[in-house]
Amino acid sequence: MPGFSFFAIQIEKSLKKLMSKAKLKKRARKTEEKIKQEEMAESSSLDAFVTKHKNLLIGGAGILVLAILGMVGMRYLNQQKNEEASALMFHAVKYFEADSLDKALNGDPDGNMGLLAIEEEYGATPAGNMARYYLGLAYLKKGELEEGITYLKKADIPSDNMLFMAKNMAIAFAYEDMGDPETAADYFERAAAAVGENDFTTPMMLMHAGRNYEAAGQPSKALRLYERIKKDFPRTQEGRQIDKYIGRVKP
162 MPGFSFFAIQ IEKSLKKLMS KAKLKKRARK TEEKIKQEEM AESSSLDAFV TKHKNLLIGG
222 AGILVLAILG MVGMRYLNQQ KNEEASALMF HAVKYFEADS LDKALNGDPD GNMGLLAIEE
282 EYGATPAGNM ARYYLGLAYL KKGELEEGIT YLKKADIPSD NMLFMAKNMA IAFAYEDMGD
342 PETAADYFER AAAAVGENDF TTPMMLMHAG RNYEAAGQPS KALRLYERIK KDFPRTQEGR
402 QIDKYIGRVK P
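Okay, so the sequence shown: first residue is 162 according to the numbering used here, each after it adds one.
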């Protein structure tokens, strides 16, 4: 029965691609261009506002200007903190990929921050959110399943993102390893519904969910998923062998 060790191999391949230097540089360039455009637009809008309402501002509405400037400043500060967190994540992710999990979590003697410190200090940024995702995976790899599940659940990932599927799959395998097949099946179903229906991840996750429903003593739920595989994914690897599973749970 596959557990998290099986999942870890699969997810690490995706993570390496995701965190490749080429993609990071490309993303950084796009972010920088977008920030410049937004700053120019905000500056232009503020200048126009001040010109149009000069008398009102002089007459006592200066607090409005302070509020606007505060919003622009907060936006810049948040972006700056996200860039700091992204840079700090580089070393932590490298340690994660090398299975140096203690350094990934706690940092190294050279002063590079670990995922725990990054998440605590920069948790409100997108990079800090990704730190929670990596923290979850790191704790699962260490065998600390409950801690891993906690951090993965806290990681806010859009449902149309491939990492949302990976997150729910990781949680599902963890619950399976903890001896909770019913909850595992539920998270496998969530993983199956992520990123849109497809012939690769959907039948695979449905099969895992059905297998766990069987283990939980709920053959009717397993049958529902197996019959869906037979109907919607007949040409997949799972679909070609699904009849024997249907025969096993069908009354």
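Cβ coordinates follow ideal geometry from the N, Cα and C atoms, glycine included.
Q: Look at the alpha carbon of residue 349 and the alpha carbon of residue 245, and state the distance between them as a whole number of angstroms.
A: 35 Å
Q. So does the stretch 314-323 actually touch the stretch 338-349, counting three or more Cβ pairs closer than 8 Å?
A. no
(Q) For the alpha helix (DSSP H) containing residue 396, name the first residue and the last one. (A) Here residue 396 belongs to no alpha helix (DSSP H), and DSSP marks it neither H nor E.
Q.
Taking 7 Å as the threshold (C-beta atoms), are residue 292 and residue 266 in contact?
A. no
Q: Please say whether residue 328 and residue 414 have beta carbons closer to each other than 7 Å?
A: Nothing in the structure corresponds to residue 414, since the chain is present only between 162 and 412.
Q. Do you know how far the Cα of residue 295 is from the Cα of residue 260?
A. 12 Å
Q. Under a three-way DSSP split, which group does residue 340 fall into?
A. coil
(Q) With the cut-off set at 7 Å, would you say residue 400 and residue 386 are in Cβ contact? (A) no
Q: Taking residue 354 and residue 301 to be in contact with their CB atoms under 8 Å, please state how far apart those CB atoms are, rounded to whole angstroms.
A: Actually they do not touch by this definition, with Cβ atoms about 22 Å apart.
Q. Whose CA, out of 242, 337, 330, lies closest to the CA of residue 373?
A. 337
Q) With residue 342 and residue 376 assumed to form a contact (beta carbons below 8 Å), what rounded beta-carbon distance in angstroms separates them? A) 4 Å
Q | N-terminal and C-terminal residue of the alpha helix (DSSP H) that residue 282 is part of | A | 276-283
Q. Who are the Cβ neighbours of residue 368 in its own chain at under 6 Å, not counting the five residues just before and after it?
A. 399
**Q.** Where residue 411 sits in the DSSP three-state scheme
**A.** coil
Q) Count the other CB atoms within 10 Å of the CB of residue 392; is the residue buried (16 or more) or exposed (fewer)? A) exposed
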